[in-house]
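A short write-up of the structure that comes next.
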Amino acid sequence: MKKNFFIWIVIVLISSSGCLSINSSLNNSTVTNVQDRQQIDEALVAGPVLVEIGFASCPACKIMKPIIEEISHEYSGKATVMYIDSRENPKLAASFNVYSVPDMFVILNNDSEGYLYMTSDGNITKNREMARFIGVTQKKAITKTLEMAIELRQNM
Numbered sequence: 057m058k059k060n061f062f063i064w065i066v067i068v069l070i071s072s073s074g075c076l077s078i079n080s081s082l083n084n085s086t087v088t089n090v091q092d093r094q095q096i097d098e099a100l101v102a103g104p105v106l107v108e109i110g111f112a113s114c115p116a117c118k119i120m121k122p123i124i125e126e127i128s129h130e131y132s133g134k135a136t137v138m139y140i141d142s143r144e145n146p147k148l149a150a151s152f153n154v155y156s157v158p159d160m161f162v163i164l165n166n167d168s169e170g171y172l173y174m175t176s177d178g179n180i181t182k183n184r185e186m187a188r189f190i191g192v193t194q195k196k197a198i199t200k201t202l203e204m205a206i207e208l209r210q211n212m
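Count along the sequence shown from 1, then add 56; that gives the number in my numbering.
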């Protein structure tokens, strides 16, 4: 009986130890909460911007939150990761024609006509509809698009 209890304790400690270190590294989020487009424009001076639009109680947004935070940490200094809360800032979210969350996209740059978005296949478009990720999305798909935007910005 004591042996089974000891084994159970060891299993619990081993399985929970990995979770603790992951969560503690994500507590210091580098994701910027956006209140207006000017913040996005200012961030674009330094490089591409990954934007996620969602809200706190959205189940899919909760799934994406640690992924977006990981990306933010991994690409710190190369790209900016920003978040628009569609419930706290509905006008800003609506300006991007959001109809489902989470809605994510990479802005490559801007010009006199508006934002230039990076599509997942490496093309540049002014049509955000063609460049967005909707719902739970694999990290690799987002980072691949972000990598292409970073490379393109470095060569501009």
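Backbone N, C-alpha and C fix where the C-beta goes; we use that ideal spot for every residue, glycine too.
- If you check the CB distance, Asn-165 and Arg-209 come in under 8 Å.
- Look at the beta carbons and you see the segment 111-127 not touching the segment 167-182: under three pairs across the two are nearer than 8 Å.
- Counting the other Cβ atoms within 10 Å of the Cβ of Val-192 gives fewer than 16, which makes it exposed.
- Residue range 136-141 is occupied by the beta strand (DSSP E) that includes Met-138.
- In its chain, beyond the 5 residues on either side, Glu-125, Ser-128, His-129, Ser-132 and Val-137 have a beta carbon closer than 8 Å to the beta carbon of Thr-86.
- Listed in chain order, the beta strand (DSSP E) runs fully inside the segment 136-196 are 136-141, 159-167, 170-174 and 188-190, counting runs of at least 3 residues.
- In the DSSP assignment, Val-105 falls within the beta strand (DSSP E) that extends over 105-110.
- Assignment of beta-bridge partners to Thr-88 by DSSP yields Met-138.
- Excluding its 5 nearest sequence neighbours in each direction, Ile-140 has C-beta neighbours in its own chain below 6 Å: Val-90, Ile-109, Leu-148 and Ala-149, listed in chain order.
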